[in-house]
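Data first, discussion second: the structure below is written as structure tokens.
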Amino acid sequence: MPERSILAWLAIGLVVGVVGKFAMPGKNPDRLAVAILLGIAGALVAGFVAETMRWTASGTWQNDVSAAVGALIVLAIYRVVRNHRPG
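Mapping of the sequence shown onto the numbering used here: position 56 corresponds to residue 133, and the numbering continues sequentially without gaps.
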């Protein structure tokens with residue numbers, strides 16, 4: 078796995094985390110750092126899974142798209158779980 082992919086996943090996760098923090102409607106008391114870390118985690122996991130399963134080739138735009146989708150999914154799941162938790 079080339080270092081370029083990992084750096085791209087980190088950057089994609091950071092951008093998706095920032096955009097996701099401000100794009101999701103409603104009251105969102107979480108800090109920006111939480112959204113960024115969740116975005117990065119989702120991008121890393123999705124990018125790694127996409128390469129491992131050979132869905133994408135390393136360093137291609139498809140791999141970057143899969144990382145972005147993974148980051149969005151993690152942010153959305155977090156938001157749903159956070160909103161449905163009592164208290």
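Virtual Cβ for every residue (Gly too), placed ideally from N, Cα, C.
Give the range of the alpha helix (DSSP H) segment to which residue i is assigned.
i, result
"T129", "L109 to T129"
Would you please verify whether the beta carbon of residue i is less than 8 Å from any beta carbon of chain C?
i, result
"V111", "The structure shown has no chain C; it contains just one protein chain."
Look up residue i in the DSSP assignment and say whether it is helix, strand or coil.
i, result
"W86", "helix"
"W138", "helix"
Excluding the 5 residues flanking residue i on each side, which residues of the same chain have their C-beta closer than 8 Å to its C-beta?
i, result
"L114", "G94"
"L87", "I117, A120 and L121"
By Cβ distance below 6 Å, which residues in the same chain neighbour residue i in space, the five residues on each side in sequence not counted?
i, result
"A85", "D141"
"A148", "G90, V93, G116, G119 and A120"
"A145", "I89 and V93"
"K98", "L109 and A112"
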